[in-house]
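Participant: The sequence shown runs 1 to 336 under full-length UniProt numbering.
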Amino acid sequence: MRRDIVVVGASAGGLKALRQLVAYLPADLPAAVLVSTHLAPTVPSKVAAVLSKAGPLPAVEATEGMPIVPGRIYTAAPDRHLIVDDHDLLRLRRGPRENRVRPAVDALFRSAARWCGPRVIGVVLSGSLDDGAAGLAAIAECGGTALVQDPGDALFDGMPRAALRAVPDATVRPAAQLARTIIEEAGRPVRPTADGPAEALIWETDMVRESLSKVPQAGAPVGLGCPECAGGMNAVTSGNSVHYVCHTGHSYSPESFLAASNDGIEAALWTALSAMEEKAMVLGQLAGQAARAGDELTRRRHEASAAEVAQAAGALRRHVIGGVPADRAEGGTPVR
């Protein structure tokens with residue numbers, strides 16, 4: 001058994017880091033490179049074409065059932081999780097979004113951790129929020145090697161910093177220098193770990209690869225509702241990392257959960273604003289009807305109510321426009 005699987009996750013600013021990384025990987029690299037980036041779901045990806053021109057390794061967009069061959073780069077397809085199976089084949093799955101995205105870095109990393117164990121080199125590059133942190137922790141727990149782009153070298157340091165919180169002893173280098181570490185590690189003999197993958201890792205990888213009905217839910221209930229489907233969520237721990245999974249299969253790291261919650265709060269505020277403005281409009285219409293009927297008391301009552309509601313709606317509008325946090329900006333930012 002040799003170290004022959006490199007999995008790389010990136011998002012905002014990640015394409016630049018990926019080009020720097022693959023530029024220094026040799027054509028005879030004794031490992032395959034699997035890349036998952038946050039992609040727009042309806043736009044064809046150009047990541048494979050860009051990486052093919054960046055270095056000597058040929059890059060292709062992964063297809064269902066494609067065998068993993070050393071010396072090749074495989075990139076995720078839009079709107080599909082890229083995962084590895086137990087026969088060293090690539091699988092594309094339209095499972096529940098993880099960290100609000102599909103493909104998700106965590107989905108690829110966890111599948112590689114489960115099925116390839118110590119054969120894996122996991123790499124987290126530039127990106128916002130914390131996709132990839134839980135997956136990198138799973139790789140480390142299963143005997144793999146964890147590499148992280150130096151946050152100071154990343155255009156967006158959220159993902160690298162989150163990865164380092166999850167795996168504090170990960171190797172940290174600028175993107176271009178990570179290639180040297182990959183070259184040193186690739187092809188190195190490794191031994192299977194004594195312990196098998198954790199129950200939670202088995203459950204989550206089966207959930208993406210197969211269907212939830214075949215496996216029990218892992219983790220402990222935490223009293224949170226899924227931002228996407230409102231289902232109850234469990235907390236799943238891997239090393240220093242924790243993430244939340246609902247019974248439907250949506251998965252959120254803490255920062256991604258907060259970003260999704262911000263989206264939900266903003267949507268609720270806009271709904272409330274719409275209802276208030278509609279109420280003020282109807283009250284104004286009722287006041288007009290009362291005036292035409294000569295009912296002065298009712299007119300004044302409706303006009304006062306309309307003014308009160310309009311004032312509250314104006315305050316809410318100013319809050320929504322000026323006070324909604326911007327830390328959800330990448331959920332994720334597409335890397336085409």
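Just so it is clear, CB atoms sit at the ideal spot from N, CA and C, and this is done for glycine as well. Please read these numbers as outputs of a predicted model, since none were measured by experiment.
Look at ALA31 and PRO67 and say whether their C-beta atoms are less than 8 Å apart.
Facilitator: No, the pair does not count as a contact, with Cβ atoms beyond the cut-off.
Participant: Which two residues bound the contiguous beta strand (DSSP E) that contains ARG93?
Facilitator: From DSSP, the beta strand (DSSP E) with ARG93 extends over 90-93.
Participant: What ranges does the beta strand (DSSP E) occupy inside the segment 77-152, keeping only unbroken runs of at least 3 residues that lie completely in it?
Facilitator: Whole beta strand (DSSP E) segments, 3+ residues: 81-84, 90-93, 120-124, 145-149.
Participant: Taking 8 Å as the threshold (beta carbon to beta carbon), is CYS142 in contact with chain B?
Facilitator: Absent here is chain B; the protein component of the structure consists of one chain.
Participant: Which same chain residues, not among the five before or five after SER238, have their C-beta less than 8 Å away from its C-beta?
Facilitator: Here the set comprises ALA134, ALA137, ALA138, GLU141, ALA166, ALA198, ALA200, LEU201.
Participant: State yes or no: is the C-beta of SER45 within less than 8 Å of the C-beta of GLY127?
Facilitator: Cβ atoms of SER45 and GLY127: not closer than 8 Å.
Participant: Going by beta carbon distance, what residues of the same chain come within less than 7 Å of GLU185, once the five residues before and after it are set aside?
Facilitator: Only ARG3, ILE121, THR145 meet the Cβ criterion.
Participant: On the three-state DSSP scale, how would you describe GLU296?
Facilitator: Helix, per DSSP.
Participant: Run through DSSP, which three-state label would SER213 get?
Facilitator: Bear in mind that a pLDDT of 47 at SER213, under 50, signals an unreliable position, so the model cannot answer this.
Participant: Specify the secondary structure class of SER52 as computed by DSSP and reduced to three states.
Facilitator: Three-state result, SER52: helix.
Participant: So ALA104 packs on LEU125, CB below 8 Å; how close in whole Å?
Facilitator: Their Cβ separation, rounded to whole angstroms, is 15 Å, which puts ALA104 and LEU125 out of contact at 8 Å.
Participant: Taking contact to mean 3 or more Cβ pairs, one atom from each stretch, closer than 8 Å, check whether the segment 56-63 and the segment 187-198 are in contact.
Facilitator: Judged by Cβ distances under 8 Å, the segment 56-63 makes no contact with the segment 187-198, as fewer than three pairs qualify.
Participant: Indicate whether ALA313 and LEU273 have their beta-carbon atoms separated by less than 8 Å.
Facilitator: In contact: ALA313 and LEU273 (Cβ atoms closer than 8 Å).
Participant: Within 10 angstroms of the Cβ of LEU15, are there 16 or more other Cβ atoms? Answer buried if so, exposed if not.
Facilitator: LEU15 comes out buried.
Participant: Given that a residue counts as buried once 16 or more other Cβ atoms are within 10 Å of its Cβ, and exposed if not, what is MET1?
Facilitator: Burial call: exposed.
Participant: Under a three-way DSSP split, which group does ILE68 fall into?
Facilitator: Of the three classes helix, strand and coil, the one that applies to ILE68 here is coil, per DSSP.
Participant: Apply the 10 Å Cβ neighbour rule to MET276 and answer buried if 16 or more other Cβ atoms are within range, or exposed otherwise.
Facilitator: Answer is buried; the Cβ neighbour count reaches 16.
Participant: Whole angstroms is fine: what's the gap from ILE321's alpha carbon to ALA267's?
Facilitator: About 12 Å.
Participant: Which word fits LEU21, buried or exposed, when buried means at least 16 other C-beta atoms lie within 10 angstroms of its C-beta?
Facilitator: LEU21 should be labelled buried.
Participant: Using three-state DSSP, classify MET1 as helix, strand or coil.
Facilitator: Three-state result, MET1: coil.
Participant: Work out the CA separation of GLY225 and VAL8 for me, nearest whole Å.
Facilitator: Rounded to whole angstroms, VAL8 to GLY225 spans 30 Å at the Cα level.
Participant: Would you please state the rounded distance, in angstroms, between the beta carbons of GLY284 and VAL245? I believe it to be under 8 Å.
Facilitator: About 48 Å; that fails the 8 Å criterion.
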